[in-house]
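Residues 16 to 297 in the working numbering are what the sequence shown spells out, letter by letter.
Note that the Cβ used here is the ideal one computed from N, Cα and C, for glycine as well.
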Amino acid sequence: PRQLYDVTSRGACMLRKASPFFAGLDPFAWTGSASVQSVETQSTSSEEMVPSSPSPPPPPRVYKPCFVCQDKSSGYHYGVSSCEGCKGFFRRSIQKNMVYTCHRDKNCQINKVTRNRCQYCRLQKCFEVGMSKEAVRNDRNKKKKDVKEEVVLPESYELSGELEELVNKVSKAHQETFPSLCQLGKYTTNSSSDHRVQLDLGLWDKFSELSTKCIIKIVEFAKRLPGFTSLTIADQITLLKSACLDILMLRICTRYTPEQDTMTFSDGLTLNRTQMHNAGFG
């Protein structure tokens, strides 16, 4: 049998509830976008599920012996199969522009026993089997890009007049739509067991009411931001739906008082950690 579940974005629900307070927005416009998705799940009976035997691990990858000295290869380096020793020797020789000299006839035999006896013939053997200078240079440049440069911040930073005006407008919009803790008339809850039960039962409804008020304040905050109201209605809705919960969480974080280990909400309700825990938060 198939069951159909409706999954609705939490942010979309909260904004849809607060949309009548956004002047110029159609309350029904929140349902214009496809915010409800249908997810079909099909149950499978236990009789139909046949456990399969675990697949064997893949065999280890085997490389050809080192093309330079015939030692055990660790992979393909700079274009050919090579061991760690020849890989490092070739990289150092290219990066440091080393010039070697052969004290014999420049035809020394290179293998895993004799490879360290003549650096000149070893380097020539690296070139003969196909090791690439460019691969070494590219690898070096890539590592340079990966190294993060230390950023030295100036001791003081002066904002341009236009940027300072913009910051002031955003700050003013926030202050006018989000009262600080000192502006709230705090009230605490009774610690008696009877009142605690009543508080726990009604806390979710209380949070729902407060969330709606906070959403309205966030919409007011957005409308005061420079340039927001010049956007199309569709773009305004999209921005609010995507950022509303993030702004809500950031604002809630500023209401925590570490000295008393309490959280103060928009209407002044103050709860301690135990009350929050009993209500199912943390």
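For residue i, three-class secondary structure by DSSP
i, result
"residue 278", "strand"
"residue 284", "strand"
"residue 135", "helix"
"residue 272", "strand"
"residue 117", "coil"
"residue 186", "helix"
"residue 130", "coil"
"residue 247", "coil"
"residue 145", "coil"
"residue 176", "helix"
"residue 293", "helix"
Beta-carbon contacts of residue i that lie in its chain and below 7 Å, excluding the five residues immediately before and after
i, result
"residue 88", "78, 79, 80, 81, 96, 97 and 98"
"residue 115", "134, 135 and 138"
"residue 85", "126 and 127"
"residue 244", "238"
"residue 274", "none"
"residue 146", "93, 94, 95 and 105"
"residue 144", "82, 83 and 95"
"residue 262", "233"
Outcome for residue i when other beta-carbon atoms lying within 10 angstroms are tallied against a minimum of 16
i, result
"residue 182", "exposed"
"residue 104", "buried"
"residue 258", "exposed"
"residue 132", "exposed"
"residue 92", "buried"
"residue 130", "buried"
"residue 268", "exposed"
"residue 264", "exposed"
"residue 290", "buried"
"residue 255", "buried"
"residue 236", "buried"
"residue 218", "buried"
"residue 142", "exposed"
"residue 190", "exposed"
"residue 247", "exposed"
"residue 207", "Because the pLDDT of residue 207 is 45, which lies under 50, any placement of that residue in the model is unreliable, and the question is left without a value."
"residue 113", "exposed"
"residue 102", "buried"
"residue 279", "buried"
Proximal residues to residue i (C-beta, below 8 Å), its chain only, five neighbours per side dropped
i, result
"residue 276", "287 and 288"
"residue 174", "182"
"residue 7", "For residue 7 there is no data in the structure shown, the boundaries of the chain being 16 and 297."
"residue 192", "232, 233, 235, 236 and 239"
Cβ-based neighbour list, residue i, same chain, cut-off 6 Å, excluding 5 preceding and 5 following
i, result
"residue 106", "151"
"residue 148", "109"
"residue 140", "83 and 125"
is_contact[residue i, chain D] using C-beta, thresh 7 Å
i, result
"residue 177", "Absence of chain D from the displayed structure is noted, only one protein chain being present."
beta-carbon residue i near the ligand COA non-hydrogen atom, thresh 6 Å
i, result
"residue 290", "Annotation note on the ligand COA: not contained in the displayed structure, which lists no ligands."
*Curious, which full-length alpha helix (DSSP H) runs of at least 4 residues does the region 80-113 contain?*
Listed in chain order, the complete alpha helix (DSSP H) runs (minimum 4 residues) inside the region 80-113 are 99-110.
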